[in-house]
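Peer 1:
2 protein chains.
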Amino acid sequence: MTFVQLQYIIAVDTFRHFASAAKHCFVSQPTLSMQIHKVEEELGVKIFDRSKQPVIATELGSELIEQARKIIAEKNIMDEIVHRKKGLVAGELKIGIIPTLAPYLLPLFVQNFTKKYPLVRLVVNELTTDLIVAQLRSGRIDMGILVTPLQEPGIKEHVLFYEELMAYVSKKNEAYQKTYMLPQDIDPNKLWLLEEGHCLRSQIVNLCELRKASRDASHFDYEAGSIETLKRMVDMNDGITILPELATLGLTTKQLGQIRYFKRPAPMREVSIVVHRDFVKKRLIEILNEEILLSIPSKINLNKSKYVVPV
Amino acid sequence: MTFVQLQYIIAVDTFRHFASAAKHCFVSQPTLSMQIHKVEEELGVKIFDRSKQPVIATELGSELIEQARKIIAEKNIMDEIVHRKKGLVAGELKIGIIPTLAPYLLPLFVQNFTKKYPLVRLVVNELTTDLIVAQLRSGRIDMGILVTPLQEPGIKEHVLFYEELMAYVSKKNEAYQKTYMLPQDIDPNKLWLLEEGHCLRSQIVNLCELRKASRDASHFDYEAGSIETLKRMVDMNDGITILPELATLGLTTKQLGQIRYFKRPAPMREVSIVVHRDFVKKRLIEILNEEILLSIPSKINLNKSKYVVPV
DNA sequence: CATATAAATAGATTTTATCTATGAATATAT
DNA sequence: ATATATTCATAGATAAAATCTATTTATATG
Numbered sequence: 001m002t003f004v005q006l007q008y009i010i011a012v013d014t015f016r017h018f019a020s021a022a023k024h025c026f027v028s029q030p031t032l033s034m035q036i037h038k039v040e041e042e043l044g045v046k047i048f049d050r051s052k053q054p055v056i057a058t059e060l061g062s063e064l065i066e067q068a069r070k071i072i073a074e075k076n077i078m079d080e081i082v083h084r085k086k087g088l089v090a091g092e093l094k095i096g097i098i099p100t101l102a103p104y105l106l107p108l109f110v111q112n113f114t115k116k117y118p119l120v121r122l123v124v125n126e127l128t129t130d131l132i133v134a135q136l137r138s139g140r141i142d143m144g145i146l147v148t149p150l151q152e153p154g155i156k157e158h159v160l161f162y163e164e165l166m167a168y169v170s171k172k173n174e175a176y177q178k179t180y181m182l183p184q185d186i187d188p189n190k191l192w193l194l195e196e197g198h199c200l201r202s203q204i205v206n207l208c209e210l211r212k213a214s215r216d217a218s219h220f221d222y223e224a225g226s227i228e229t230l231k232r233m234v235d236m237n238d239g240i241t242i243l244p245e246l247a248t249l250g251l252t253t254k255q256l257g258q259i260r261y262f263k264r265p266a267p268m269r270e271v272s273i274v275v276h277r278d279f280v281k282k283r284l285i286e287i288l289n290e291e292i293l294l295s296i297p298s299k300i301n302l303n304k305s306k307y308v309v310p311v
Numbered sequence: 312m313t314f315v316q317l318q319y320i321i322a323v324d325t326f327r328h329f330a331s332a333a334k335h336c337f338v339s340q341p342t343l344s345m346q347i348h349k350v351e352e353e354l355g356v357k358i359f360d361r362s363k364q365p366v367i368a369t370e371l372g373s374e375l376i377e378q379a380r381k382i383i384a385e386k387n388i389m390d391e392i393v394h395r396k397k398g399l400v401a402g403e404l405k406i407g408i409i410p411t412l413a414p415y416l417l418p419l420f421v422q423n424f425t426k427k428y429p430l431v432r433l434v435v436n437e438l439t440t441d442l443i444v445a446q447l448r449s450g451r452i453d454m455g456i457l458v459t460p461l462q463e464p465g466i467k468e469h470v471l472f473y474e475e476l477m478a479y480v481s482k483k484n485e486a487y488q489k490t491y492m493l494p495q496d497i498d499p500n501k502l503w504l505l506e507e508g509h510c511l512r513s514q515i516v517n518l519c520e521l522r523k524a525s526r527d528a529s530h531f532d533y534e535a536g537s538i539e540t541l542k543r544m545v546d547m548n549d550g551i552t553i554l555p556e557l558a559t560l561g562l563t564t565k566q567l568g569q570i571r572y573f574k575r576p577a578p579m580r581e582v583s584i585v586v587h588r589d590f591v592k593k594r595l596i597e598i599l600n601e602e603i604l605l606s607i608p609s610k611i612n613l614n615k616s617k618y619v620v621p622v
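Order-wise, the sequence lines are chains A and B.
Residue numbers for the first sequence follow the numbering used here, beginning at 1 and rising by one.
Residue numbers for the second sequence follow the numbering used here, beginning at 312 and rising by one.
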């Protein structure tokens, strides 16, 4: 068994296709096929079921692939140790980030970061909270950026900042008349929500104390896949939605006029970096943490944890 | 970096000598030298300081070796997974066992075990409790057999049995007249003890509530390195010592006449298997656990945890 | 100063990972 | 039904590597 073979196995598991996996590993498809065949021979078990399309791992194969990922993760730590000693900031950092943060947070720091630390390769995946937790545990990603508190065993949270939640209302909506809103001012039937699975959705449900019943009477049952869609729904149709602070940064003056703040203490969502175990990429993650804090508007850094909406 | 290179590094760290390490790996010394040189080249750091004799790891080298051991440990789990699936009981089990148990416990089960599970290779090291804990943490051994409770974080204890402590007295000693002893009946100046570092010693000190002062007046300051030495000291000279039950199994009838039991509830030492994390060698360790319980005299299996002497 | 020991170096040899080209099996389209 | 994709496996050639034996260099020891 070699490290390369394990990497091939992981690649096939990831792409579920020998040729693509080979491409990803910069080798020919026969090379990859043979090496995988060799491991299977050595261990005396089939790892992949090639009869299925796309290729799927056997039951035992899945266990072995998981273990292969662990081995490769430990190997990567080897380089981390050397980099740390050399004072180099280098290596790969695999990040999972939730979809309600990704489009607003990433652009703020990515460019600065990669300019400042050219030897670091950021690999970013947009994932929901559960997937981030699962992939942290299995070692597929090194860190997550998401909304806490999670209370997941084995997962450590480092708060980045508190992001205020605010209402975005259409001119026709009655809430438009208010200066400072209360959650009760929101008509559940005019409230546009993200689809199930987004933590922001569940926070808004908590904030507005929505019950299933109050939504059943809804005129039109549509749930958006992204915050951008929510904004457009409000713009184009009537209604109201809740935006996190970072999503309001790119708004036009006219759109800003449609923002209504909640009465102080304003509801906040807690945005954190989460990691699994005391990772050796610690230094890298610390640096990313700093860079994020440097890149977000200072107003957000000042937000306090007075009223954090539970997830 | 290859698995083989890591194994060479670990071998050199273990033997602190290139030629012996090479022998252990079944390769020539130049082969091992070159491969280690290559890793050092690849990482851009020196792992070993060859100017010292015996060879010693550099500061960074020690960290890397520790990591190498982790990688190899994870790799070994790969095979474990396959073996488990195949229902095979095979592999290597590295055991650390304390010196006051080794000579009495090992002979009881080793032969049966290796006959029953010929594919398992037992590698046994006689180590003190602290070393067992340290080597479990660093992954040098898979399990320990020692006296608990330890209360070491991250170390799990599985009680095997309770071993009674009993006095072994010379005919000249006043305690010889007693039928059932009390700890107070022991004259601290006539008590032979193991040297510092053995957990049995500290248990006896606790049991007899010995203070430094009471020993200072001692006629002859000798501390034994093994239980066998203790027995001989009592046999040849005057005095008394405390033996664990297993050490009394091989005694002659005459020697058995010199055993004095403590008054019920008799003092016991708790003998356990200890492991680090939920290890994949679990199955192997479970089997060993069973085999040990099957091989010890049934009387010991019946001992209860009424009065466990703290360590 | 001679001798022994330890690790590194040199050159030959075997092993192995990789490539290109091709084949077999299966699904998809004409 | 036949032709065409697609997907993975196989064959043979080649380049890269790990290994061996023999030897050298550097240190310690008597």
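The C-beta atom is built at its ideal place from N, Cα and C for all residues, glycine as well.
How big is the Cα-Cα spacing for R571 (chain B) and Y479 (chain B)?
Peer 2: Against the second sequence, residue 571 (chain B) aligns to sequence position 260. Against the second sequence, residue 479 (chain B) aligns to sequence position 168. Between R571 (chain B) and Y479 (chain B), the C-alpha separation is close to 6 angstroms.
Peer 1: Run down chain B in chain order and give the residues with a C-beta less than 9 angstroms from the C-beta of L64 (chain A).
Peer 2: Translated into positions along the first sequence, residue 64 (chain A) becomes position 64. Within chain B, the residues near L64 (chain A) are M389, I392 and V393.
Peer 1: Using a C-beta to C-beta distance shorter than 8 angstroms, which residues of chain B count as neighbours of I71 (chain A)?
Peer 2: In the first sequence, counting from the first residue as 1, residue 71 (chain A) sits at position 71. I382, E385, K386 and M389, listed in chain order.
Peer 1: With a threshold of 8 angstroms between beta carbons, is G139 (chain A) in contact with chain B?
Peer 2: Residue 139 (chain A) sits at position 139 when you count from the first residue of the first sequence. Output row for G139 (chain A): interface = no.
Peer 1: Going by C-alpha distance, which of B:A332, B:E370 and B:L605 is nearest K86 (chain A)?
Peer 2: Working through the first sequence from its first residue, we reach residue 86 (chain A) at position 86. The option with the nearest alpha carbon to K86 (chain A) is B:E370.
Peer 1: Taking DSSP's pairing of strands, which residues face E163 (chain A) in a bridge?
Peer 2: Taking the first sequence and counting its residues from 1, one reaches residue 163 (chain A) at position 163. Answer is A:R269.
Peer 1: I need the straight-line Cα distance from P410 (chain B) to V120 (chain A), nearest angstrom please.
Peer 2: In the second sequence, the residue the question calls residue 410 (chain B) occupies position 99. In the first sequence, the residue the question calls residue 120 (chain A) occupies position 120. Computed Cα separation, rounded: 50 angstroms.
Peer 1: Grab me the residues of I56 (chain A)'s own chain with a C-beta within less than 8 angstroms of its C-beta, minus the 5 sequence neighbours each way, in chain order.
Peer 2: What you label residue 56 (chain A) is simply residue 56 of the first sequence in a count that begins at 1. R16, F48 and D49, listed in sequence order.
Peer 1: Distance, Cα to Cα, R269 (chain A) vs I456 (chain B)?
Peer 2: On the first sequence, residue 269 (chain A) is found 269 positions in, with the first residue counted as 1. On the second sequence, residue 456 (chain B) is found 145 positions in, with the first residue counted as 1. Roughly 50 angstroms separates the two Cα atoms.
Peer 1: Along chain B, which residues have their Cβ under 8 angstroms away from the Cβ of G44 (chain A)?
Peer 2: As a working note, residue 44 (chain A) is residue 44 in the first sequence. Here the neighbours are V393 and K397.
Peer 1: Going by CA-CA distance only, name the one from A:L106, A:I273 and A:A266 that's closest to I242 (chain A).
Peer 2: In the first sequence, counting from the first residue as 1, residue 242 (chain A) sits at position 242. The shortest C-alpha separation from I242 (chain A) is found at A:A266.
Peer 1: Given N112 (chain A), which residues of its chain have a CB within under 7 angstroms of its CB, disregarding the five upstream and five downstream residues?
Peer 2: Reading the first sequence from its first residue, position 112 is the one you call residue 112 (chain A). Contacts found: E291 and S295.
Peer 1: Just to make sure I have the definition right: I need the residues of chain B whose C-beta is within less than 8 angstroms of the C-beta of F3 (chain A). Which are they?
Peer 2: Start at 1 with the first residue of the first sequence, and residue 3 (chain A) comes out as number 3. Ordered by position in chain B, the residues that pass the 8 angstroms Cβ test against F3 (chain A) are M312, T313 and F314.
Peer 1: A102 (chain A): which of A:S298, A:S226, A:I240 and A:D238 sits nearest, CA to CA?
Peer 2: Taking the first sequence and counting its residues from 1, one reaches residue 102 (chain A) at position 102. The candidate whose alpha carbon is nearest that of A102 (chain A) is A:S226.
Peer 1: With a cut-off of 8 angstroms, does the C-beta of Q67 (chain A) fall near any C-beta of chain B?
Peer 2: As a first step, residue 67 (chain A) is located in the first sequence; it is residue number 67 there, counting from the start. Yes, Q67 (chain A) counts as interfacial toward chain B.
Peer 1: List the residues of chain A whose Cβ lies closer than 8 angstroms to the Cβ of L447 (chain B), in chain order.
Peer 2: Translated into the one-based positions of the second sequence, residue 447 (chain B) becomes position 136. Those within 8 angstroms of L447 (chain B) in chain A number zero; the least Cβ separation is about 18 angstroms.
Peer 1: Report the option in A:P297, A:T31 and A:R277 whose CA atom is closest to the CA atom of G250 (chain A).
Peer 2: Mapped onto the first sequence, residue 250 (chain A) falls at position 250. Of the listed residues, the one whose Cα sits closest to G250 (chain A) is A:P297.
Peer 1: By DSSP's criteria, H276 (chain A) is part of a beta bridge. Which residues make up the other side?
Peer 2: Stepping through the first sequence from its first residue, residue 276 (chain A) is reached at position 276. Bridge partners of H276 (chain A): A:I155.
Peer 1: Cβ of Y430 (chain B) less than 8 angstroms from any chain A Cβ?
Peer 2: For the purposes of this step, residue 430 (chain B) is identified with residue 119 of the second sequence, where counting begins at 1. The question names Tyr, but residue 430 (chain B) in the sequence shown is Leu. So no, L430 (chain B) is outside the interface.
Peer 1: Looking at the structure shown, is G61 (chain A) part of a helix, part of a strand, or coil, going by DSSP?
Peer 2: For the purposes of this step, residue 61 (chain A) is taken as the residue at position 61 of the first sequence. Looking at G61 (chain A) - three-state DSSP - the assignment turns out to be helix.
Peer 1: Quick check: the Cα distance between T313 (chain B) and I71 (chain A), rounded to an integer number of angstroms?
Peer 2: Position 2 of the second sequence holds residue 313 (chain B). Position 71 of the first sequence holds residue 71 (chain A). Spanning the two alpha carbons is a distance of roughly 12 angstroms.
Peer 1: Could you give the distance in angstroms between the alpha-carbon of L122 (chain A) and the alpha-carbon of G91 (chain A)?
Peer 2: As a first step, residue 122 (chain A) must be located in the first sequence, where it is residue number 122. As a first step, residue 91 (chain A) must be located in the first sequence, where it is residue number 91. Rounded to the nearest angstrom, the two C-alpha atoms are 9 angstroms apart.
Peer 1: Out of B:E507, B:K363 and B:A322, which has the shortest C-alpha to C-alpha gap to S344 (chain B)?
Peer 2: On the second sequence, position 33 is the one that residue 344 (chain B) refers to. Taking only the C-alpha atoms, the option nearest S344 (chain B) is B:A322.
Peer 1: On the CB-based measure, 16 or more other CB atoms within 10 Å of its CB, does G313 (chain A) come out buried or exposed?
Peer 2: Because chain A in this structure spans residues 1 to 311, residue 313 (chain A) falls outside the shown range and cannot be described.
Peer 1: Between E467 (chain B) and the rest of its own chain, which residues show a CB-CB distance below 6 angstroms, the 5 nearest in sequence each way excluded?
Peer 2: Taking the first residue of the second sequence as position 1, residue 467 (chain B) is located at position 156. The sequence given here has Lys at residue 467 (chain B), not Glu. Correct list, in chain order: V586.
Peer 1: From the beta carbon of L613 (chain B), is the nearest beta carbon of chain A less than 8 angstroms away?
Peer 2: Along the second sequence, one-based indexing puts residue 613 (chain B) at 302. Chain A contact via Cβ: absent.
Peer 1: Alpha carbon to alpha carbon, how far is P499 (chain B) from D79 (chain A)?
Peer 2: Translated into positions along the second sequence, residue 499 (chain B) becomes position 188. Translated into positions along the first sequence, residue 79 (chain A) becomes position 79. Roughly 57 angstroms between the two C-alpha positions.
Peer 1: Contact criterion: CB-CB distance below 8 angstroms. Does L371 (chain B) meet it with respect to chain A?
Peer 2: Here residue 371 (chain B) is taken as the residue at index 60 of the second sequence, counted from 1. It does; some Cβ of chain A falls within 8 angstroms.
Peer 1: Going by CA-CA distance only, name the one from A:P118, A:A134 and A:R140 that's closest to V124 (chain A).
Peer 2: As a first step, residue 124 (chain A) is located in the first sequence; it is residue number 124 there, counting from the start. Of the listed residues, the one whose Cα sits closest to V124 (chain A) is A:R140.
Peer 1: Rounding to the nearest angstrom, what Cα-Cα distance links L64 (chain A) and N387 (chain B) in this structure?
Peer 2: Within the first sequence, residue 64 (chain A) is the residue found at index 64, counting from 1. Within the second sequence, residue 387 (chain B) is the residue found at index 76, counting from 1. Whole-angstrom Cα-Cα distance: 11 angstroms.
Peer 1: Can you name the residues that DSSP bridges to F359 (chain B)?
Peer 2: Position 48 of the second sequence, counted from the first residue, corresponds to residue 359 (chain B). B:A368.
Peer 1: Give me the Cα-Cα distance between P183 (chain A) and K190 (chain A), rounded to the nearest whole angstrom.
Peer 2: Against the first sequence, residue 183 (chain A) aligns to sequence position 183. Against the first sequence, residue 190 (chain A) aligns to sequence position 190. Roughly 13 angstroms between the two C-alpha positions.
Peer 1: Beta carbon of L471 (chain B), beta carbon of I584 (chain B): below 8 angstroms?
Peer 2: As a working mapping, residue 471 (chain B) is identified with position 160 in the second sequence. As a working mapping, residue 584 (chain B) is identified with position 273 in the second sequence. Yes. Within cutoff.
Peer 1: Could you have a look at N436 (chain B) and say whether DSSP puts it in helix, strand or coil?
Peer 2: By 1-based counting over the second sequence, the position of residue 436 (chain B) is 125. In the structure shown, N436 (chain B) sits in a strand (DSSP, three-state: E or B).
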